[in-house]
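Everything below concerns the one structure shown next.
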Amino acid sequence: MSDKILVAYATKAGSTAEVAEAVGQELRDAGAEVEVQPAKEVKDLSPYKAVIVGSAIRMGKWVPEATSFVEKNREALSQVPVAYFVVCMTMKDDTEENHRTVEAYLDPVCEIVEPLDKGLFAGTINYSKLSFPARTMSKAMKVSEGDFRDWEAIGAWARQVHSRLTRG
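For the sequence shown, position 84 matches number 1541 in my numbering, and the numbering has no gaps at all.
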């Protein structure tokens, strides 16, 4: 096993991929060797000393590729420090109630492998990148288009997680 950290992610419209890249860059800036990959492309976890898994949230659930990644790699993930993050429009309003709601979206994967830490972030809504059903539903729910990611909070979380993942 090397000293590499894996940031694996599953995205629908690209926002989670951008958050994963930002997390990876923060870890690199902190001195870590990092690989950022779509979860469905990861074949082997043996090169990594720690793993961060990120997922978009759709209809209150992780993207299936992210859940499948955790399920398929349960044994390997239980041997290394793990952190999860989600990108969810519910976090556009950073309230205690929304934190509880979004934390609950993590329950199914936390039952598979318990993480050291969890990051909860707002994402983006760009109607042109959504499927027709998602676009229709978002418009019906009067969801505003825009980029609601808090890059400072994402960076702060990544630095905190780096410290926790690399502790002796």
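We treat Cβ as the ideally placed atom computed from N, Cα and C, and that holds for glycine.
As the structure is a computational prediction, the values presented were derived from the model and not from experiment.
C-alpha distance - E1571 paired with S1585, whole-angstrom precision: Mapped onto the sequence shown, residue 1571 falls at position 114. Mapped onto the sequence shown, residue 1585 falls at position 128. Roughly 36 Å between the two C-alpha positions.
Reduced DSSP category for T1524 - H, G, I as helix; E, B as strand; rest coil: Against the sequence shown, residue 1524 aligns to sequence position 67. Residue state for T1524 is assigned as helix, using DSSP reduced to three classes.
Where the beta strand (DSSP E) through V1493 begins and ends: Within the sequence shown, the letter at position 36 stands for residue 1493. Start and end: E1490 to P1495.
Beta strand (DSSP E) segments (min. 3 residues) lying fully within the stretch 1495-1561: Runs found: 1505-1515 and 1539-1544.
Helix, strand or coil at D1607 according to DSSP, with G and I counted as helix: On the sequence shown, residue 1607 is found 150 positions in, with the first residue counted as 1. Collapsing the DSSP output to three states places D1607 in coil.
Those residues which DSSP pairs with G1612 across a bridge: Residue 1612 sits at position 155 when you count from the first residue of the sequence shown. None; G1612 has no bridge partner.
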